[in-house]
Amino acid sequence: MQRRIYGHATDVGIRPLNEEKAVQAAVNLLGEFFVFSVAVSALVLEVQRSSRSEAKKEELRRQEMEKLRQRDEALEKEMEGLKRKTQELEQLARGKGLAGMFNFRLPHIVEGKSATPAYLFAWFWLHTNHFFPLILLIQFLFGYF
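Quick note: the sequence shown uses full-length UniProt numbering, first residue 1, plus one each step.
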C-alpha cells in the first residue's frame with residue numbers, strides 16, 4: 001500500500017522477516033506506544049489540573065467582584081442618605097438662618113434690638129468658659145453693667 005502511495009512498482013516481491021527481527025519490531029512498537037501513551041496521559045492530566053486551577057481563580061474573581069459591587073451599592077446608598085441630610089440642613093439654614101439652625105439664643109437682648117459686636121463677643125467667650133474675668137472687663141468697658 002505504501003508503495004502504491006509513493007508511486008513505486010507494486011509487483012515487486014517482498015521478502016519475509018525472520019522471527020527475531022519481527023519480535024524486535026513488535027517490542028519497539030509496544031515500547032514507543034507505551035512512552036507515547038504516558039506522555040499523552042501526563043499532558044491530559046496537566047490540562048485538567050490547569051483548567052481546575054483557572055476555574056477556581058475565576059470563581060474567586062467573581063466573588064471579589066460581587067463583594068465590590070455590594071460595597072459600591074452600600075456606599076451609594078450612604079451617599080444618597082448624606083445628600084438628603086445635607087439638603088435638609090441647607091433648607092433649615094435658608095429658612096431659619098444660621099443662628100436659628102443651631103438654636104443660639106442670646107439672653108438680655110430686647111426683641112427688636114440687635115446686639116453690638118462687643119456684646120456678642122463677650123457672650124460667646126462667657127459661654128465657652130474662656131477667661132471669665134476678661135469678659136467682665138469687656139462688659140464693664142462697654143457699659144453692660
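All residues carry an ideal CB built from backbone N, CA and C; glycine is no exception. The structure displayed is predicted, hence computed values, not measured ones.
Rounded C-alpha distance that separates E58 from R69:
16 Å
Collapsed DSSP secondary structure at L68 in the structure displayed:
helix
Going by DSSP in three states, L29 sits in which element: helix, strand or coil?
helix
CA-to-CA distance, R52 to residue 165, given in whole angstroms:
Any question about residue 165 goes unanswered here, given that the chain covers just 1 to 145.
Output the distance between the C-alpha atoms of E19 and N28, rounded to the nearest integer angstrom.
14 Å
Using the rule of at least 16 other Cβ atoms within 10 Å of the residue's Cβ for burial, across every protein chain shown, is A99 buried or exposed?
Residue confidence is low: A99 scores 49 on pLDDT, short of 50, so the model does not pin down where it sits. No coordinate-derived value is stated.
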